[in-house]
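S.K.: Position 125 of the sequence shown, counted from 1, bears residue number 125 in UniProt numbering, the numbering being contiguous throughout.
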Amino acid sequence: MNASELIDDLIANLTGWRGTTFASIRRIIHEADPDIVEEWKWMGTAAWSHDGIVCIANAFKDKVKLTFSQGASLADPDKLFNSGLTGKQWRTIDIYKDDKINERSLKVLIHDAIGYNHSRVQSTNRPHATRGNPKKKPENRIL
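1) Applying the 10 Å Cβ sphere with the 16-neighbour rule, what's the burial state of H50?
2) T86 by DSSP, collapsed to three states: which one?
3) So, A113 versus L74, is the Cβ gap smaller than 7 Å?
4) Please state the DSSP three-state secondary structure of T21.
5) Sorted by chain position, which residues of the same chain lie with C-beta nearer than 8 Å to D9's C-beta, five sequence neighbours on each side aside?
6) Checking the sheet assignment: what are the DSSP bridge partners for D94?
7) With contact counted as at least three CB pairs below 8 Å, one residue from each stretch, are the region 102-118 and the region 56-76 in contact?
8) Taking all protein chains shown into account, decide if G87 is buried (16 or more other Cβ within 10 angstroms of its Cβ) or exposed.
9) Quick one: grab the DSSP three-state call for N2.
10) Would you mind sorting R91 into buried or exposed? The rule is 16 or more other CB atoms within 10 Å of its CB.
Laid out in C-alpha cells, this is it:
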C-alpha cells in the first residue's frame with residue numbers, strides 16, 4: 001500500500017469523531033496545497049510534505065493531534081497552536097471532540113509552513129561566497 005492508501009485505511013478504522021476530524025484535516029491540507037505529498041512516517045504517522053515535512057497527524061483516544069515540524073518559526077496570529085508551545089521547533093494543535101476547526105486560519109498556517117520550507121531549500125541551494133583571501137596558486141616558473 002502507498003502512503004495515501006495507508007492514510008485512507010487509518011481514517012476508515014478511526015471510530016466516531018476522530019475519523020471525521022482526521023478526514024477534515026486531510027481535506028483542508030489538500031485544499032491549501034494540491035501539490036502536497038502524503039507520506040507514511042515512523043510506522044504509523046500520516047505526514048504531509050512540500051520541500052520538507054509540513055505537518056504530521058496522529059489520532060489519540062481523546063484528541064487528534066496536528067503537529068507542524070517548523071511551527072516555532074511560524075507566525076500564529078489566530079492562536080491555533082495550543083500545545084507544545086515551549087519547544088524549539090515543533091508546535092501542535094490538539095483537536096478535541098467538540099472543537100471546530102478554523103479552516104481559513106489552518107490553510108494560512110499550512111501556506112506559511114510551505115513558504116518556510118521553501119525558503120530553507122532556497123538558502124541551501126545558493127552558492128557560498130569564498131571567505132577570507134584565497135591563496136594564490138603558485139605560478140610555474142622556469143629557472
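For every residue, glycine included, the Cβ atom is placed at its ideal position computed from N, Cα and C. Quick caveat, the model's predicted, so the values are computed rather than measured.
M.R.: Per the coordinate set shown:
1) Position 50 of the sequence shown, counted from the start, is the residue given in the question as residue 50. H50 is buried by the Cβ-count criterion.
2) Reading the sequence shown from its first residue, position 86 is the one you call residue 86. If DSSP states are grouped into helix, strand and coil, T86 belongs with coil.
3) The sequence position of residue 113 within the sequence shown is 113, counting from 1. The sequence position of residue 74 within the sequence shown is 74, counting from 1. Going by C-beta atoms, A113 is nearer than 7 Å to L74.
4) Position 21 of the sequence shown holds residue 21. T21 falls in the helix class under three-state DSSP.
5) Mapped onto the sequence shown, residue 9 falls at position 9. M1, listed in sequence order.
6) As a working note, residue 94 is residue 94 in the sequence shown. Paired residue(s): K65.
7) yes
8) Along the sequence shown, read from residue 1 onward, the residue named residue 87 stands at position 87. Exposed.
9) Position 2 of the sequence shown, counted from the start, is the residue given in the question as residue 2. DSSP places N2 in coil when its eight states are reduced to three.
10) As a working mapping, residue 91 is identified with position 91 in the sequence shown. Counting Cβ neighbours within 10 Å, R91 comes out buried, since at least 16 surround it.
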